[in-house]
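Report on one structure; see the data block that follows.
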Amino acid sequence: MEITVNDITSVDKEIVISAVREDLEPKFKEAYKKYRGQINMPGFRPGKVPIKIIKKRFGDEIESEEISNFVQEIFEEKVVPEHEPVGESQMLELSWENDELEAKFKIGARPDFELTDLESIEVDRLVHDVTDEEVEEEIDRQLQQAGNWEEVEEEIQDDYRVTVDAIPVDEDGELDEENKAEEVIDLSKEESNEFRDDLLGRKKGDEVDVEIGHDDHTHNFQLVVKKVEKPHKAELTDQFAKEQSNGEAKNVDEYKSLVKSQIQDYYDQSADDLFKNDIIDGLVEEHDFEVPDVFESQILNQYVERVKQQSQGQLPPGFDEEEYKENMQERATRDAMWFFLNEKLQEKFDDIEIKPEDIDEHLEGEAARYGISVDQMRNMFAQNPQQLESLRKSIREQKVFDKLRDEVHVNEIDKEEYQEKHDEKIKA
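Quick note, the sequence shown lines up with residues 11 to 438 if you use this note's numbering.
See the structure below:
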């Protein structure tokens with residue numbers, strides 16, 4: 011038996027396992043003995059069928075199974091300890107011809123690189139203190155949602171709701187009455203922008219011709235206004251504050267403070283998420299190393315599984331998996347590089363440890379999120395070791411980011427400047 015290693019790239023290797031019948035003969039003999047005791051054939055006592063007959067009748071199947079077991083055993087006992095593959099190794103070929111075995115695998119190796127000087131990495135961090143104006147806007151939105159609608163006979167305004175019959179217009183300019191559909195258009199919502207100019211100032215009974223779509227994908231419709239409704243906001247009272255906050259706020263002032271705190275929490279969490287993402291981008295840009303093909307393939311497959319989970323366990327109709335993977339290739343490379351960078355950073359920050367209180371803090375947050383007790387949440391994790399290990403990885407990664415905050419150069423900028431830089435990056 012022989013194992014040959016061929017370098018494809020600095021991080022991709024081809025492993026060839028070669029063997030002849032002499033290497034496998036002991037396993038074949040044991041297998042024939044095992045199956046002899048299980049096979050019953052007419053004319054022979056149970057377990058006494060001659061080996062020659064078993065070989066003739068079942069030899070190919072028995073030996074094929076033993077060959078697969080042999081290859082798997084050699085890979086796990088010889089290849090894995092020696093090369094420590096990363097990602098899902100791929101079997102490229104398995105052949106058994108003229109009593110000679112050849113099995114080829116493609117495996118990934120960890121890239122060999124050094125961390126750059128972390129102080130040279132510059133990262134923007136969004137810093138925003140919520141204003142009273144933002145609080146008033148949020149409360150106004152909630153009052154709008156909690157309010158009601160009144161049908162009116164007046165001209166449509168930009169915060170009204172309009173019920174229309176949408177009638178398609180064919181290429182000859184004729185109305186397709188059979189395919190008309192009733193639609194409710196809330197002009198206060200962004201998705202109604204393409205109808206706003208056509209409907210403003212109109213009244214119940216008006217017929218409005220509209221063109222929907224962009225460039226060469228446009229469709230013509232006639233909208234017949236059937237109903238016009240104006241909004242009536244709910245009144246901001248102590249009772250509204252209690253109901254809207256599930257009793258957490260007892261009056262309007264407490265409610266305003268609560269809303270401000272909630273908006274601030276949202277901004278702080280968003281800023282933290284954006285900061286992590288920007289740190290990853292900065293680190294990836296500052297390093298240049300190859301990542302294994304099999305590891306990228308594994309990440310791309312995980313992306314597809316995520317799409318499947320979001321669509322009730324199956325891919326959406328017409329989903330082109332190969333095109334999707336091609337479009338996500340750059341993202342997969344970035345995520346793969348971060349995986350190896352994160353490993354290096356954990357080696358650098360070798361004083362990181364996960365304490366019981368770290369796990370308890372996370373469990374308390376998750377318990378509050380799902381409305382269950384901490385003990386129930388702890389039992390759920392205890393029954394799922396894989397989930398618990400995933401939690402440990404998440405906490406360890408968070409501690410890496412905490413360390414990086416003190417290592418990289420951080421520019422604290424306001425919301426407007428951050429958005430401006432973000433838009434420029436997208437255009438570039």
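Glycine included, each C-beta is placed from N, C-alpha and C at the ideal position. Keep in mind it's a predicted model, so treat the numbers as computed, not measured.
query: In the structure shown, what three-state DSSP assignment does A244 receive?
result: coil
task: With DSSP collapsed to three states, give me the class of M387.
output: helix
field: Alpha carbon of E426 to alpha carbon of D150, nearest angstrom
entry: 23 Å
task: Would you mind stating whether Q397 and M390 have Cβ atoms separated by less than 9 Å?
output: yes
Candidates D186, E253 and K199, of which the one nearest R171 by Cα: K199
field: N203, enclosing alpha helix (DSSP H) - first and last residue
entry: N203 to L209
query: Alpha carbon to alpha carbon, how far is E295 from L128?
result: 12 Å
message: Along the chain, where does the alpha helix (DSSP H) containing R171 start, and where does it finish?
response: Counting along the chain, R171 falls outside any alpha helix (DSSP H), though it belongs to the beta strand (DSSP E) covering R171 to P178.
message: So for M11, helix, strand or coil by DSSP?
response: coil
- request: Enumerate, from N- to C-terminal direction, the unbroken beta strand (DSSP E) stretches of 3 or more residues contained entirely within the segment 342-377.
  value: Qualifying beta strand (DSSP E) stretches: none in this window.
query: Considering only residues of the same chain and omitting the five flanking positions on each side of N158, which have a CB-CB separation below 6 Å?
result: H242
- prompt: In whole angstroms, what separates the C-alpha of D330 from that of G97?
  reply: About 24 Å.
- request: Just list the alpha helix (DSSP H) runs in the segment 117-157, keeping only unbroken ones of 4 residues or longer that don't cross its boundaries, in chain order.
  value: 142-156
- prompt: Contact check, G57 vs R46 under 8 Å by CB: the rounded distance?
  reply: 6 Å
message: Short of 8 Å in beta carbon distance, which residues of its chain neighbour V317, apart from the five on each side in sequence? Order them along the chain.
response: L325, P326, F329 and Y334
- request: Over the uninterrupted alpha helix (DSSP H) stretch that includes E92, give me the two end residues.
  value: V90 to H93
- request: Return the CA-CA distance between I364 and L373, expressed in angstroms with no decimal places.
  value: Straight-line Cα distance between these residues: approximately 14 Å.
field: Boundaries (first-last residue) of the beta strand (DSSP E) holding L102
entry: V96 to E107
field: Residue environment, V418, which counts as buried when at least 16 other CB atoms sit within 10 Å
entry: In this structure V418 is buried. Its beta-carbon is surrounded by 16 or more other beta-carbon atoms within 10 angstroms.
task: Express the C-alpha separation of E422 and L136 in angstroms, rounding to a whole number.
output: 6 Å
- request: Can you tell me which of T19, E12 and M11 puts its alpha carbon nearest to the alpha carbon of E300?
  value: Selected option, being the one with the closest Cα: T19.
task: Would you check if the distance between the CB atom of K213 and the CB atom of T173 is smaller than 9 Å?
output: no
- request: Pull up the distance between the alpha-carbon of L102 and that of G118, whole angstroms please.
  value: 13 Å
- prompt: Beta carbon of A342: closer than 8 Å to some heavy atom of the ligand GDP?
  reply: In the structure shown, the ligand GDP is absent, as is every other ligand, since no ligand is present at all.
- prompt: Got a sec? Which residues, its chain only, sit under 8 Å from V410 by beta carbon, not counting five neighbours each side?
  reply: The answer, listed in chain order, is N352, L355, Q356, F359 and I362.
field: N- and C-terminal bounds of the alpha helix (DSSP H) containing K190
entry: No alpha helix (DSSP H) contains K190, which DSSP labels as neither H nor E.
message: Would F305 and F123 be called neighbours here (beta carbons separated by less than 9 Å)?
response: No. Outside cutoff.
- prompt: Does DSSP put I222 in a helix, in a strand, or in coil?
  reply: strand
task: Whole angstroms is fine: what's the gap from V90's alpha carbon to Q320's?
output: 34 Å
query: Taking the alpha carbon of E265 as the point to measure from, which residue in A392, E73, Q274 and F250 has its own alpha carbon closest?
result: Contrary to the premise, residue 265 reads as Tyr rather than Glu in this sequence. For Y265, the nearest C-alpha among the options comes from F250.
message: Which same chain residues end up closer than 7 Å to V59 when comparing Cβ atoms and leaving out the 5 residues on each side of it in sequence?
response: R46, I49 and M51
- prompt: How about the segment 252-264 and the segment 189-204: do they share at least three Cβ pairs that are nearer than 8 Å?
  reply: no
message: Could you tell me the alpha carbon to alpha carbon distance between D248 and N230, rounded to whole angstroms?
response: The straight-line gap from Cα to Cα measures roughly 49 Å.
message: To the nearest angstrom, how far is the alpha carbon of G347 from that of Y380?
response: Note that residue 347 corresponds to Met in the displayed sequence, not to Gly. Taking the straight line joining both Cα atoms gives about 33 Å.
Of the listed residues R55, G53 and E32, nearest to E73 (C-alpha basis): Per the C-alpha coordinates, the member of R55, G53 and E32 positioned closest to E73 is E32.
task: Have a look at the DSSP bridge pairing and note the partners of V454.
output: Because the chain is modelled from 11 through 438, residue 454 falls outside the range shown and cannot be assessed.
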